[in-house]
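Reading through the structure tokens given below for one structure.
In our numbering, the protein residues as written are 159 to 557.
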């Protein structure tokens, strides 16, 4: 039987234990009741929050900074879930931070993870809203759902395509395609044989053409060489003939100009002589001067006739014909091989033409001087005639 002292000791022990439990409970509850928090709100729109519970952990950059205080659905929008969290005072929550849900181990429970934020961003005051973000798993899940929906749509389309009627149509198409391929194979075989024969004929034709081209090339080379030699000889002959003709023309022009100059000088000397001896018969002097002028004019006309005869002579016409013939030969010959010879001929012709131009210019100056002298003599004779008419006594007095 339990003694009274044992009962007393048991009662004291229970009383002290109960008191200690009450003190511990009061200390813990008082600490939690007296602790101050910064309250923030998170709104998840059309986003499941399964696994998140009241009293759950709130982490910031992996550090526990608070707990989940309340979870409820917005009465005005059933797609929106409001989560109220308490965070230790002094924790900097920036305006560009995001709140996401992260898994805790393999139990399926979730915690609120606050991430992001920069020093330059504005600090959210307690009572404000933190933007809800999405994790990589959420993005993958959304994409997986989208892919699954597309796969379901593709499967439905494939099922629609592979129905009984389409299978019959496909079998019919395959059968017709097989027949077309068989017919095409036969036709293709015949076409390949025809191409083979064409290739053989083309090879034979190419060989014949090669031999003919070699023969034509040899003949053409020989003909071009003959034409080149003939053209060179013709050019040399024409150059020589042209040189001789131009020298003859120059000699004739010089001779005619010298004759005209001599006759003009003789006329001037004779005119001066008659003017110095005015005592002779004036009519005779005027007549002789007129005859000499007529002779000079006749000489000039003869020179011009000689030039015209030379231009219309057979030799000059032969030169022109030779030039025409040479032009035809040059049109058929290889011009590249005759450039050097033709350049030499043109150079010689240019020298001859320059000589002829200088001779003509010199003759023109002599003719102009002679005509001026004749004009002066005529004027002197006219003056003398007027003086005789006005005063016939001059003939008696003399010079």
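All residues carry an ideal CB built from backbone N, CA and C; glycine is no exception.
Treat the numbers as computed from the prediction; the structure is a model and nothing was measured.
Residues sharing a beta bridge with residue i, DSSP
i           : result
residue 226 : 243
residue 274 : 255
residue 290 : 257
Helix, strand or coil at residue i according to DSSP, with G and I counted as helix
i           : result
residue 283 : coil
residue 310 : helix
residue 161 : coil
residue 402 : helix
residue 260 : strand
residue 217 : strand
residue 201 : strand
residue 332 : helix
residue 210 : coil
residue 268 : strand
residue 194 : coil
residue 337 : helix
residue 249 : coil
residue 321 : coil
residue 444 : For residue 444, the predicted model reports a pLDDT of 47, less than 50, meaning its position is unreliable; a value from the coordinates is still stated below. Looking at residue 444 - three-state DSSP - the assignment turns out to be helix.
First through last residue of the beta strand (DSSP E) which encompasses residue i
i           : result
residue 234 : Careful: residue 234 lies outside any beta strand (DSSP E) and carries neither H nor E.
CA nearest to the CA of residue i, picked from the options
i           : options               : result
residue 241 : 169, 266, 218 and 212 : 212
residue 275 : 237, 238, 373 and 255 : 255
residue 267 : 360, 216 and 548      : 216
residue 566 : 295, 172, 236 and 252 : Outside the displayed span of the chain (159 to 557) sits residue 566, for which this structure offers no information.
residue 198 : 287, 406 and 250      : 287
residue 291 : 259, 281, 313 and 282 : 259
residue 223 : 233, 244 and 265      : 244
residue 200 : 194, 167, 228 and 181 : 228
residue 234 : 248, 203, 221 and 214 : 203
residue 281 : 250, 310 and 271      : 250
residue 208 : 193, 221 and 231      : 231
residue 402 : 180, 509, 350 and 221 : 509
residue 273 : 263, 264, 293 and 262 : 293
residue 214 : 226, 315 and 537      : 226
residue 237 : 220, 206, 218 and 538 : 206
residue 269 : 176, 357 and 210      : 210
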